[in-house]
Amino acid sequence: MNEPMNEIIPGLYLGDIFAARNPSYLRDHGVTHILTIARGSLGLLSSTLESTDTEIPFDHRQIELDDLPDEKLLEQLENGISFIDSALSENFDEGKECKVLVHCLQGMSRSTSFVIAYLVWKNRITVGNALEIVQEKRKKARPNSGFYRQLLEWETRCKKDKDS
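Each residue of the sequence shown is one higher than the last, beginning at 2 in the working numbering.
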């Protein structure tokens with residue numbers, strides 16, 4: 002059975018729209034931040050993104066991107082990585098228990114690409130290694146061909162930053 006989301010590394014989940022539309026499921030897993038990689042609202046329920054009297058709202062960011070090989074993924078990576086890293090850093094800096102869901106429609110290409118890019122940037126590993134880590138937890142994770150090429154370029158940029 003396919004899970005709506007899978008924990009890739011501690012605190013970082015990769016998932017689909019079904020996970021993002023279910024606030025109680027997210028809260029049960031401790032998710033505090035949601036990064037949506039898609040155009041439009043995808044029908045996210047206002048209850049997912051707004052607070053009630055007893056619940057703290059999720060911190061949400063959306064990056065408008067279609068799952069097409071010619072989409073400019075590379076231009077959006079820093080924005081998404083900054084959101085993920087800021088949330089996960091709060092765990093250490095402020096003693097919070099922040100968890101991030103990165104999702105698109107199916108949790109297969111767009112969101113996978115951002116999780117891979119984060120792992121490459123944070124751990125200075127190759128795209129191939131990052132993809133293996135992700136696929137070990139989420140079998141259907143597979144960036145489209147254009148995103149994969151752009152991730153290889155991202156890897157090169159990260160290596161240059163490390164060397165300088």
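Yeah, the Cβ is synthetic: ideal placement off N, Cα and C, and Gly gets one too. Nothing here was measured: the structure is a model prediction, and the numbers come from that model.
### Query
How far does the alpha helix (DSSP H) with residue 111 in it reach, from first residue to last?
111 to 124
### Task
Closer than 6 Å by C-beta to residue 85: which residues in its own chain qualify, once you throw out the five before and the five after it? Chain order, please.
101, 119
### Task
Output yes or no for whether 8 Å exceeds the beta carbon distance between residue 21 and residue 37.
yes
### Task
Out of 42, 141, 149, state which residue places its alpha-carbon closest to the alpha-carbon of residue 5.
141
### Message
If you reduce the DSSP assignment to three classes, tell me which class residue 4 lands in.
### Response
coil
### Message
On a Cα-Cα basis, can you pick out the residue from 128, 97, 112 that is closest to residue 68?
### Response
112
### Message
So, for residue 10: in the same chain, excluding its five sequence neighbours on each side, which residues have a beta-carbon less than 8 Å away from its beta-carbon?
### Response
120, 134
### Message
Tell me which residue opens and which closes the alpha helix (DSSP H) that residue 16 is part of.
### Response
Run containing residue 16: none in the alpha helix (DSSP H); it sits in the beta strand (DSSP E), 13 to 16.
### Query
If we call anything under 8 Å between Cβ atoms a contact, is residue 89 one with residue 15?
no
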